[in-house]
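J.: Numbering (UniProt numbering), first residue to last: 1 to 613. Encoded as structure tokens, here's the structure I'll be asking about.
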């Protein structure tokens, strides 16, 4: 057997460089890295020597570097990924939040945190966490709960099994998610005689499992028997690249489609079978279909309650639930009849078996009525009083009117996720929302990741002032790398979304808006100056008309543009209709009448919940 002597770090990077997609590209596009004593002498040396065979990029924070990588993988529909390398200690644990985000959203990312010395000679090394009762524990054990595959590389030959396992997870349609390879820092620098065959190019193909024949027959019978079926479109439709298949299926068989956060834009909002968003932040047209349905067909959705209303909408007597999902865990939720298969393959086989069957007529006008309502709600207000602050819906309307088929609206946390799901009329593939974990601070880094994945698209990042304050430093990275996108920063002077939830559950305004916080002086943060200090083009929009003009002006720039606009924190997006109840616990006892009323309403709604999962 022919061998080559390499350090473990050199071997890892050489292996990563040889793992390919079916399209002939590297599966791992490159490595984000901040070096420290846990990785600079090992992985740092290996990456420097690799050069363009495995590009290295420097970010500003380990968590946000990972957010960029996750957004990239999501935009690439899980067909490619990135790696993120950190030193031991806080560099590693900074990535735990991002690992959880990728885990919840079932997205591939390779995390390579430095670890303690395998030989234990210098224990405790700088930044080492010591467990008094377990000498095998390091800070990287935090990743175990939020990784699909976790391994500790404490010997060079561990790579021979760990790396193939890592790629099997990242390319598995059912078990896809983050991989953490905690890399002991002394092991990174140790040499070993690796088989040369280990580094031969390997093509990783993402499987498309077909459904069981009997399960398929059962679901066909249910669809044929249904009078008012509805499809719930989840993110699995996009990852399966089944968008066109779903549109054809819905049209041919007369079954309207409603969207989750992850599934939004699988069908363009202009598609006649797309009835809009479902669930808590759902459209009237969509939720009424769900309420009237005798058969709900989930396609590639994990039935999160917030984005589907699954614990109440699917609980009516006589209503049946089908779940088409590549992951058996999701296919069995809420007592559903599961069809375990790739979304595209399942829809194709269902359509073939259904032939010319078409469901009973639904009301297409309800969709048009809702869209007209959205247009009115998102229009710029006129004859407003002095000191008027625009609504978030008006901001969305301004971006909508300037958008094209190339526009992607993206967000993660705060008011805008629910507002955009409800109101944004997306072109196909024109929506990117991190809402499985709804992680504040994802937005700026995520926008950069999307633009890196899809440079031909026009990326518009919606971010609130609270989320911007949590993590904005990758704006400087985007400037340095000349990655252009547009940031619409809505400043409502605090956490407006949670403030409204606080009041809606019977509470008082407290610790959310700055005016209700325990501070000595109200802040006066100059977001325009802050963004400009990192090199972005930044401007304050005077009003909605000015916002539209600034968005159009940003389109031809080679650097990010940040547009700040003051908004009203007190009004939510769904006040003109839509929405659905969701379970947010209300105190059982309290002193105020509004709290007692909120508790009474909560108890009443709890009786509608479906307790089968």
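Ideal Cβ positions, reconstructed from N, Cα and C, are used throughout, including at glycine.
#1: Going along the chain, which unbroken runs of the alpha helix (DSSP H) with 4 or more residues stay wholly within the region 169–199?
#2: Report the rounded CA-to-CA distance for residue 249 versus residue 204, giving the unit in angstroms.
#3: Let me make sure I understand the geometry here. Which of 110, 86 and 146 has the alpha-carbon closest to that of residue 100?
#4: Let me check one thing: in DSSP terms, what residues is residue 563 bridge-paired to?
#5: Roughly how many angstroms lie between the CA atoms of residue 571 and residue 53, to the nearest whole one?
#6: Residue 276 bridges to which residues according to DSSP?
#7: How is the beta strand (DSSP E) around residue 432 delimited, first residue to last?
#8: Give, in chain order, every unbroken run of the beta strand (DSSP E) that is at least 3 residues long and sits entirely within the UniProt domain "Thiamine pyrophosphate enzyme central" (217–350).
#9: In chain order, which alpha helix (DSSP H) runs of at least 4 residues are fully inside the region 503–560?
#10: What is the DSSP secondary structure of residue 494, counted as helix, strand or coil?
#11: For a quick check, are the C-beta atoms of residue 178 and residue 102 less than 8 Å apart?
#12: Kindly give me the distance between the Cβ atoms of residue 485 and residue 560, rounded to whole angstroms, as I take these residues to be in contact under 8 Å.
#13: Quick check: what's the CA-CA separation for residue 58 versus residue 482?
#14: Can you tell me which of the three DSSP states residue 407 falls into?
#15: Return no unless some Cβ of chain B is closer than 8 Å to the Cβ of residue 35.
#16: Where residue 532 and residue 471 are concerned, what is the direct C-alpha to C-alpha distance, given to the nearest angstrom?
#17: Hey, would you say residue 160 sits closer than 8 Å to residue 198, going by beta carbons?
#18: When the Cα of residue 224 is compared with those of 296, 61 and 278, which residue comes out closest?
#19: Quick one: Cα of residue 213 to Cα of residue 350, how far?
#20: Measure the Cβ-Cβ separation of residue 27 and residue 150 and say whether it is below 8 Å.
#21: Does the region 455–472 touch the region 488–496, meaning 3 or more C-beta pairs lie closer than 8 Å?
#22: When you compare each of 144, 140 and 88 to residue 125 by their alpha carbons, which one comes out closest?
#23: My output table needs one value for residue 206: the three-state DSSP class, helix, strand or coil.
#24: Could you check which residue in 565, 16 and 504 has the C-alpha nearest to that of residue 525?
#25: In whole angstroms, give me the CA-to-CA distance for residue 96 and residue 440.
#26: Sorted by chain position, which residues of the same chain lie with C-beta nearer than 6 Å to residue 285's C-beta, five sequence neighbours on each side aside?
#27: Residue 116 to residue 14, Cα distance in whole Å?
#28: Quick check on this structure: which residue in 393, 357 and 113 has the alpha carbon closest to the alpha carbon of residue 417?
#29: Which residues does DSSP list as the beta-bridge partners of residue 151?
#30: What does DSSP give as the partner residue(s) for residue 5 in the beta ladder?
#31: Going along the chain, which residues of its own chain have a beta-carbon closer than 7 Å to the beta-carbon of residue 613, five neighbours each way excluded?
#32: Residues in its own chain within less than 7 Å of residue 522 by CB, not counting five upstream and five downstream?
#33: Quick test of your reading: residue 170 and residue 111, contact by CB under 8 Å. State the CB separation rounded to the nearest angstrom.
#34: List the residues that DSSP assigns as beta-bridge partners of residue 33.
#35: Cβ of residue 261 within 8 Å of Cβ of residue 12?
T.: With the structure as the only source:
#1: Given a length threshold of 4 residues, each whole run of the alpha helix (DSSP H) inside the region 169–199 is given here in chain order: 185–189.
#2: Position 249 of the chain shown, counting from 1, holds the residue named residue 249. Position 204 of the chain shown, counting from 1, holds the residue named residue 204. Taking the straight line from one Cα to the other gives about 29 Å.
#3: Translated into the one-based positions of the chain shown, residue 100 becomes position 100. Minimum Cα distance to residue 100 is reached at 146.
#4: Translated into positions along the chain shown, residue 563 becomes position 563. Bridge pairing for residue 563: 488 and 539 [DSSP].
#5: As a first step, residue 571 must be located in the chain shown, where it is residue number 571. As a first step, residue 53 must be located in the chain shown, where it is residue number 53. The alpha-carbon atoms of residue 571 and residue 53 are separated by roughly 51 Å.
#6: In the chain shown, the residue the question calls residue 276 occupies position 276. DSSP lists no partner for residue 276.
#7: On the chain shown, residue 432 is found 432 positions in, with the first residue counted as 1. Counting along the chain, the beta strand (DSSP E) containing residue 432 begins and ends at 431–433.
#8: Counting whole runs of 3 or more residues, the UniProt domain "Thiamine pyrophosphate enzyme central" (217–350) contains the beta strand (DSSP E) stretches 229–233, 257–259, 274–277, 295–299, 320–325 and 337–340.
#9: Here the runs fully enclosed are 527–533 and 544–554.
#10: As a first step, residue 494 is located in the chain shown; it is residue number 494 there, counting from the start. In this structure, DSSP gives residue 494 an extended state, which the three-state scheme calls strand.
#11: The residue labelled residue 178 in the question sits at position 178 within the chain shown. The residue labelled residue 102 in the question sits at position 102 within the chain shown. Taking C-beta atoms as the reference points, residue 178 and residue 102 count as a pair closer than 8 Å.
#12: Within the chain shown, numbered from 1, the residue matching residue 485 stands at position 485. Within the chain shown, numbered from 1, the residue matching residue 560 stands at position 560. Their Cβ separation, rounded to whole angstroms, is 5 Å, which keeps residue 485 and residue 560 in contact under 8 Å.
#13: Along the chain shown, read from residue 1 onward, the residue named residue 58 stands at position 58. Along the chain shown, read from residue 1 onward, the residue named residue 482 stands at position 482. Rounded to the nearest angstrom, the two C-alpha atoms are 14 Å apart.
#14: As a position in the chain shown, residue 407 is number 407, starting the count at 1. If DSSP states are grouped into helix, strand and coil, residue 407 belongs with the strands.
#15: Among the protein chains of the structure shown there is no chain B, as only one such chain exists.
#16: Translated into the one-based positions of the chain shown, residue 532 becomes position 532. Translated into the one-based positions of the chain shown, residue 471 becomes position 471. Going from the Cα of residue 532 to the Cα of residue 471 covers about 16 Å.
#17: Here the question's residue 160 lines up with position 160 in the chain shown. Here the question's residue 198 lines up with position 198 in the chain shown. Closer than 8 Å, so yes.
#18: Against the chain shown, residue 224 aligns to sequence position 224. The shortest C-alpha separation from residue 224 is found at 296.
#19: Numbered from 1 along the chain shown, position 213 holds the residue referred to as residue 213. Numbered from 1 along the chain shown, position 350 holds the residue referred to as residue 350. Going by the C-alpha atoms only, they are around 11 Å apart.
#20: Residue numbering aside, residue 27 sits at position 27 when the chain shown is read from its first letter. Residue numbering aside, residue 150 sits at position 150 when the chain shown is read from its first letter. No.
#21: Remark: three or more beta-carbon pairs, one from each stretch, lie closer than 8 Å, so the region 488–496 and the region 455–472 are flagged as touching.
#22: Counting from one through the chain shown, the residue named residue 125 turns up at place 125. Checking every option, the nearest Cα to that of residue 125 belongs to 88.
#23: The residue labelled residue 206 in the question sits at position 206 within the chain shown. Looking at residue 206 - three-state DSSP - the assignment turns out to be coil, as it is neither helix nor strand.
#24: Start at 1 with the first residue of the chain shown, and residue 525 comes out as number 525. Of the candidates 565, 16 and 504, the one whose C-alpha sits nearest the C-alpha of residue 525 is 565.
#25: Position 96 of the chain shown, counting from 1, holds the residue named residue 96. Position 440 of the chain shown, counting from 1, holds the residue named residue 440. Each residue's CA atom was taken as its position, placing residue 96 and residue 440 some 14 Å apart.
#26: The residue given as residue 285 occupies position 285 in the chain shown. Apart from sequence neighbours up to five positions away, the residues of its chain that approach residue 285 with a beta-carbon distance below 6 Å are 275, 276, 366, 367 and 370, ordered along the chain.
#27: Residue numbering aside, residue 116 sits at position 116 when the chain shown is read from its first letter. Residue numbering aside, residue 14 sits at position 14 when the chain shown is read from its first letter. Taking C-alpha positions only, residue 116 is separated from residue 14 by approximately 23 Å.
#28: Position 417 of the chain shown, counted from the first residue, corresponds to residue 417. Checking every option, the nearest Cα to that of residue 417 belongs to 393.
#29: As a first step, residue 151 is located in the chain shown; it is residue number 151 there, counting from the start. Answer is 181, bridged to residue 151.
#30: If you number the chain shown from 1, residue 5 lands on position 5. Beta-bridge annotation (DSSP): residue 5 is paired with 193.
#31: For this step, residue 613 is matched to residue 613 along the chain shown. Residue confidence is low: residue 613 scores 48 on pLDDT, short of 50, so the model does not pin down where it sits. Its coordinate-derived value is still stated next. Cβ neighbours of residue 613 beyond the five flanking positions: 333 and 334.
#32: As a position in the chain shown, residue 522 is number 522, starting the count at 1. The beta carbon of residue 522 lies closer than 7 Å to those of 514 and 515 in the same chain, with the five residues before and after it left out.
#33: Reading the chain shown from its first residue, position 170 is the one you call residue 170. Reading the chain shown from its first residue, position 111 is the one you call residue 111. About 11 Å separates the two Cβ atoms, so there is no contact after all.
#34: Along the chain shown, one-based indexing puts residue 33 at 33. Beta-bridge pairing links residue 33 to 85.
#35: Taking the first residue of the chain shown as position 1, residue 261 is located at position 261. Taking the first residue of the chain shown as position 1, residue 12 is located at position 12. Going by C-beta atoms, residue 261 is not nearer than 8 Å to residue 12.
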